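Some notes on the structure that comes next.
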């Protein structure tokens with residue numbers, strides 16, 4: 001992955017408007033967070049291959065970045081995004097890596113389902 | 001009695017930390033070791049230093065790392081169960097137990113090594129240990145293999161007592177580092193420092209690399 005270029009990301013997002021997409025969205029602080037620090041409240045979530053079509057999508061911020069997608073019935077929001085790539089399968093992949101390079105958030109869009 | 005060890009863990013690299021020396025002690029002595037690894041650690045947070053993976057490429061990278069680790073371990077029977085990281089406790093337990101039982105019936109292990117359910121921190125670890133125990137309990141008493149369980153949650157020793165099995169793996173300390181190194185995407189952040197502290201004879205690291213400790217699980221109770 002490479003550091004996010006917001007202008008290029010905006011172009012990629014705009015090109016996906018009104019298409020039937022599959023989403024992977026995930027936040028994580030790691031399964032060992034509360035083990036290493038008992039005062040740490042561990043919370044995270046992931047959803048893989050939720051179907052979504054968005055009406056408009058924007059990237060905002062000065063890095064780490066935020067992305068918001070407006071759908072007909074609601075929204076998708078992701079923050080803490082630092083890196084991105086369009087992979088060989090033409091999937092749009094975003095991730096947020098902390099100062100140690102560990103993944104804290106992943107947000108991915110694809111026109112075909114991701115492997116289960 | 002014919003010896004055969006079955007190791008069951010959910011993530012590639014689980015075998016590297018607490019069991020690698022014990023595995024090598026067996027494979028070096030000519031005892032076959034079968035390793036069932038349930039997932040490919042698809043949801044790992046470590047993506048390499050520098051970054052070498054993304055969420056979608058990580059599984060294949062970890063699969064290759066796992067194979068490399070098995071080469072160092074001398075494990076020739078690696079079985080990847082194709083489940084997804086973080087979901088072991090949510091999948092159909094009966095299906096998982098039956099798949100494990102099939103392996104047990106096929107290889108007839110004399111010793112099984114897995115996590116101690118309730119004392120293994122990660123929900124996948126606890127669920128793996130629980131499923132292995134359920135599978136073994138379906139064998140009649142007297143035909144069940146010995147089960148070594150790995151526990152490392154805080155306070156585990158206060159509740160379980162000290163581990164009754166301590167395996168000295170002095171001979172394998174350096175190879176154990178190589179097993180850890182094989183899981184490069186996950187361990188690159190600390191292996192170098194660990195190696196250095198081992199050479200400086202740092203007590204905690206030396207202990208970690210020369211002694212492996214297990215609780216014999218009371219499988220007949």
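Residue numbers (the working numbering), protein chains in the order written: chain A, 1 to 116; chain B, 1 to 221.
A virtual CB, placed ideally from N, CA and C, is assigned to each residue, including glycine.
All of these numbers come straight from a predicted model, not from anything done at the bench.
Backbone secondary structure at residue i - three-state DSSP
i, result
"residue 23 of chain B", "helix"
"residue 45 of chain A", "strand"
"residue 17 of chain A", "coil"
"residue 2 of chain A", "strand"
"residue 101 of chain A", "coil"
"residue 79 of chain B", "strand"
"residue 170 of chain B", "helix"
"residue 198 of chain B", "helix"
"residue 114 of chain A", "coil"
"residue 106 of chain A", "strand"
"residue 95 of chain A", "strand"
"residue 70 of chain A", "strand"
"residue 83 of chain A", "strand"
"residue 74 of chain B", "coil"
"residue 31 of chain B", "coil"
"residue 139 of chain B", "coil"
"residue 56 of chain B", "coil"
"residue 89 of chain A", "coil"
"residue 60 of chain A", "strand"
"residue 190 of chain B", "coil"
Cβ-based neighbour list, residue i, same chain, cut-off 8 Å, excluding 5 preceding and 5 following
i, result
"residue 114 of chain A", "22, 24, 48, 49, 91 and 108"
"residue 222 of chain B", "This structure gives no information on residue 222 of chain B, because the portion of chain B shown stretches from 1 to 221."
"residue 154 of chain B", "none"
"residue 51 of chain A", "20, 21, 22 and 23"
"residue 44 of chain B", "11, 58, 62, 85, 185 and 186"
"residue 168 of chain B", "210 and 211"
"residue 110 of chain B", "1, 2, 3, 4, 5, 145 and 146"
"residue 75 of chain A", "68 and 69"
"residue 216 of chain B", "146, 147, 148, 149, 164 and 165"
"residue 123 of chain B", "86, 88 and 89"
"residue 141 of chain B", "220"
Other residues of its chain near residue i: CB distance less than 6 Å, five sequence neighbours each side excluded
i, result
"residue 131 of chain A", "Shown here, chain A extends from 1 to 116; a query on residue 131 of chain A therefore has no answer."
"residue 192 of chain B", "none"
"residue 129 of chain A", "Missing from the structure shown is residue 129 of chain A; chain A here goes from 1 to 116 and no further."
Length of the line joining the Cα atoms of residue i and residue j
i, j, result
"residue 65 of chain A", "residue 51 of chain B", "19 Å"
"residue 175 of chain B", "residue 102 of chain A", "27 Å"
"residue 100 of chain A", "residue 3 of chain B", "43 Å"
"residue 195 of chain B", "residue 202 of chain B", "10 Å"
"residue 214 of chain B", "residue 72 of chain B", "22 Å"
"residue 53 of chain A", "residue 95 of chain A", "20 Å"
"residue 70 of chain A", "residue 208 of chain B", "51 Å"
"residue 44 of chain A", "residue 177 of chain B", "31 Å"
"residue 13 of chain A", "residue 87 of chain A", "14 Å"
"residue 115 of chain B", "residue 93 of chain A", "34 Å"
"residue 7 of chain A", "residue 46 of chain B", "28 Å"
"residue 164 of chain B", "residue 157 of chain B", "11 Å"
"residue 48 of chain B", "residue 188 of chain B", "6 Å"
"residue 105 of chain A", "residue 42 of chain B", "14 Å"
"residue 173 of chain B", "residue 9 of chain B", "21 Å"
"residue 79 of chain B", "residue 29 of chain A", "29 Å"
"residue 38 of chain A", "residue 60 of chain B", "33 Å"
"residue 77 of chain A", "residue 17 of chain A", "16 Å"
"residue 85 of chain A", "residue 1 of chain A", "5 Å"
"residue 133 of chain B", "residue 139 of chain B", "10 Å"
"residue 21 of chain B", "residue 57 of chain A", "52 Å"
"residue 89 of chain A", "residue 159 of chain B", "50 Å"
Beta-carbon spacing of residue i, residue j below 9 Å
i, j, result
"residue 107 of chain B", "residue 77 of chain B", "yes"
"residue 20 of chain A", "residue 111 of chain A", "yes"
"residue 3 of chain A", "residue 61 of chain A", "no"
"residue 222 of chain B", "residue 151 of chain B", "As displayed, chain B neither begins before 1 nor continues past 221, which places residue 222 of chain B out of reach and without an answer."
"residue 7 of chain B", "residue 19 of chain B", "yes"
"residue 72 of chain A", "residue 55 of chain A", "yes"
"residue 82 of chain B", "residue 34 of chain B", "no"
"residue 28 of chain B", "residue 74 of chain B", "yes"
"residue 89 of chain B", "residue 127 of chain B", "yes"
"residue 31 of chain A", "residue 15 of chain A", "no"
"residue 53 of chain B", "residue 171 of chain B", "no"
Beta-carbon contacts of residue i that lie in its chain and below 7 Å, excluding the five residues immediately before and after
i, result
"residue 131 of chain B", "93, 96, 97 and 100"
"residue 40 of chain A", "33 and 34"
"residue 183 of chain B", "12, 13, 16, 65 and 69"
"residue 206 of chain B", "198"
"residue 129 of chain B", "114, 115, 116, 117, 120 and 149"
"residue 91 of chain B", "83"
Proximity test, Cβ basis, 9 Å: residue i and chain D
i, result
"residue 87 of chain A", "Note that chain D does not occur in the displayed structure, where the protein chains are A and B."
Contact test: residue i Cβ vs the ligand SAH heavy atom, cutoff 8 Å
i, result
"residue 120 of chain B", "With respect to the ligand SAH, the structure shown offers nothing to examine, as it has no ligands at all."
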